[in-house]
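Written below as structure tokens is the structure these notes are about.
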Amino acid sequence: MNSKKFKLKKFMYFLYYFLNDVRKKYDNFDKSVKDDRNSYMYNSVCNPIMSKSSDYTDVHKNFCLKLVRNFGHFSNNHEFLNYNDEWCYDLNNWIYNSMMKHKIPKKIITECFGEYEYYMKGIGEKPRCIYYEYDNLYEDQMKIIKLIIFQSNMDIVKDMVTKESNIIDFHVQKYICDCVKIYEEMNRKHCPQSNEKSEKSNNTCGMLNTFKGMYKSFLSATQQENYNIPYLDDVENGYTKKCVSSRQKLPLTVPGVNDAYALPSLTVYRDEKKDENSPPSFIISEKPGGSISSTVSTAFGTVAGASSIVALLYKVNTKFHLNI
Numbered sequence: 013m014n015s016k017k018f019k020l021k022k023f024m025y026f027l028y029y030f031l032n033d034v035r036k037k038y039d040n041f042d043k044s045v046k047d048d049r050n051s052y053m054y055n056s057v058c059n060p061i062m063s064k065s066s067d068y069t070d071v072h073k074n075f076c077l078k079l080v081r082n083f084g085h086f087s088n089n090h091e092f093l094n095y096n097d098e099w100c101y102d103l104n105n106w107i108y109n110s111m112m113k114h115k116i117p118k119k120i121i122t123e124c125f126g127e128y129e130y131y132m133k134g135i136g137e138k139p140r141c142i143y144y145e146y147d148n149l150y151e152d153q154m155k156i157i158k159l160i161i162f163q164s165n166m167d168i169v170k171d172m173v174t175k176e177s178n179i180i181d182f183h184v185q186k187y188i189c190d191c192v193k194i195y196e197e198m199n200r201k202h203c204p205q206s207n208e209k210s211e212k213s214n215n216t217c218g219m220l221n222t223f224k225g226m227y228k229s230f231l232s233a234t235q236q237e238n239y240n241i242p243y244l245d246d247v248e249n250g251y252t253k254k255c256v257s258s259r260q261k262l263p264l265t266v267p268g269v270n271d272a273y274a275l276p277s278l279t280v281y282r283d284e285k286k287d288e289n290s291p292p293s294f295i296i297s298e299k300p301g302g303s304i305s306s307t308v309s310t311a312f313g314t315v316a317g318a319s320s321i322v323a324l325l326y327k328v329n330t331k332f333h334l335n336i
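Residues in the sequence shown are numbered from 13 upward in steps of one, following the numbering used here.
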């Protein structure tokens, strides 16, 4: 398995029982067209595309059929005319996931979008979606994706760290610290002010600035007592003080794929009698974490819906060590 792909899956499998709605969206995009009554129309688009290269496989064709189906313009209703930006972001992230998983050639994707755009213009409508090429937009795409996942669900994280309780969810604490570390590393590597930057660097730094602004708005200004929230204005010292000093040993393995839909909630009970700087005690809760609806903000342009990528966490087929 490609190392970047494995690292992304590894990161996402540790994430997060509270993103059930994301999995449902991904599964809907990825469901088979085998019993679809309109599959012959999808084939009318994909067969000519597949005939252009002997390198195309049945896996590539299945992806093509799903993508054409997902556009919705061959359905028996006009719901596709109501698709919005959030739907487009989710679709693009399902596409990106499929590219990594099945090595889908970009030519197939661009030709499918071309047919869709041609159809929409033919009925006097603007296309509801365009193709976003993430690998051409950003440096270190895997790390950017991790930040986008966090950014897209920052309201959920805020709700979890601000609720009145002496119970700390260690998954949330580690999630925050991991993403802060990624931000610090990428900002230091790609955004020194003295360097002349490429377009990808500009996009990357723009994304990091957006992340920083949202993080400060949602989390840095948040009033809470249980979680350690590093500040991004002094991220190196903040990470060391807030995250490294309170790091705890994690379980070596996580549940297998059959348990993935009900991951146990790893929670922390802070002894209120202890000094506030003392490391908390960790207890595994027997109850699985509850489902929390993921609200995806569209404020950050073409990458806003990338939380959909989290759905891959339910597709991991092996156990592995959690240390990233």
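Every residue gets a Cβ at the ideal spot worked out from N, C-alpha and C, and that includes glycine.
No experiment lies behind these values; they were computed from the predicted model shown.
Under the three-state DSSP convention, the category residue i falls into
| i | result |
| --- | --- |
| residue 156 | helix |
| residue 181 | strand |
| residue 90 | coil |
| residue 85 | coil |
| residue 140 | coil |
| residue 199 | helix |
| residue 127 | helix |
| residue 244 | coil |
| residue 108 | helix |
| residue 151 | coil |
| residue 49 | coil |
| residue 204 | coil |
| residue 239 | coil |
| residue 145 | coil |
| residue 56 | helix |
| residue 10 | Since the first residue shown for the chain is 13 and the last is 336, residue 10 is missing from the structure and cannot be characterised. |
| residue 98 | helix |
| residue 164 | helix |
Which listed residue (the options) has its alpha carbon closest to that of residue i
| i | options | result |
| --- | --- | --- |
| residue 119 | 158, 242 and 75 | 75 |
| residue 143 | 131, 244 and 121 | 121 |
| residue 171 | 184, 78, 64 and 46 | 184 |
| residue 43 | 221, 80 and 225 | 80 |
| residue 140 | 225, 96 and 174 | 96 |
| residue 101 | 161, 203, 179 and 214 | 161 |
| residue 189 | 64, 231, 201 and 219 | 231 |
| residue 98 | 37, 45 and 116 | 37 |
| residue 225 | 245, 46, 153 and 41 | 245 |
| residue 41 | 241, 109 and 133 | 109 |
| residue 61 | 211, 125, 203 and 241 | 125 |
| residue 68 | 212, 255, 83 and 117 | 117 |
| residue 39 | 87, 63 and 107 | 107 |
| residue 255 | 214, 182, 163 and 83 | 182 |
Counted within 10 angstroms of its Cβ, other Cβ atoms place residue i as buried (16 or more) or exposed
| i | result |
| --- | --- |
| residue 56 | exposed |
| residue 128 | buried |
| residue 52 | exposed |
| residue 283 | For residue 283, the predicted structure reports a pLDDT of 40, less than 50, and the residue's modelled location is therefore unreliable. A value from the coordinates is still provided. Burial call: exposed. |
| residue 177 | exposed |
| residue 50 | exposed |
| residue 71 | exposed |
| residue 156 | buried |
| residue 200 | exposed |
| residue 78 | buried |
| residue 168 | buried |
| residue 135 | exposed |
| residue 65 | exposed |
| residue 114 | exposed |
| residue 270 | The predicted position of residue 270 is uncertain, since its pLDDT is 33 and thus under 50; a value taken from the coordinates is nonetheless stated next. Exposed: under 16 other Cβ atoms inside 10 Å. |
| residue 164 | buried |
| residue 214 | exposed |
| residue 7 | Residue 7 lies beyond the residue range present for the chain, which begins at 13 and ends at 336; the question has no answer from this structure. |
Cβ-Cβ separation, residue j to residue i (assumed contact under 8 Å), whole Å
| i | j | result |
| --- | --- | --- |
| residue 198 | residue 216 | 7 Å |
| residue 137 | residue 93 | 6 Å |
| residue 195 | residue 159 | 6 Å |
| residue 131 | residue 85 | 5 Å |
| residue 180 | residue 227 | Going by Cβ atoms, the distance from residue 180 to residue 227 rounds to 19 Å, so no, they are not a contact pair. |
| residue 219 | residue 146 | At roughly 11 Å, the Cβ-Cβ gap does not stay under 8 Å, so residue 219 and residue 146 are not in contact. |
| residue 73 | residue 58 | 6 Å |
| residue 192 | residue 242 | 5 Å |
Chain B contact for residue i (CB, 8 Å cutoff)
| i | result |
| --- | --- |
| residue 227 | Protein chains in the displayed structure number just one, and chain B is not present. |
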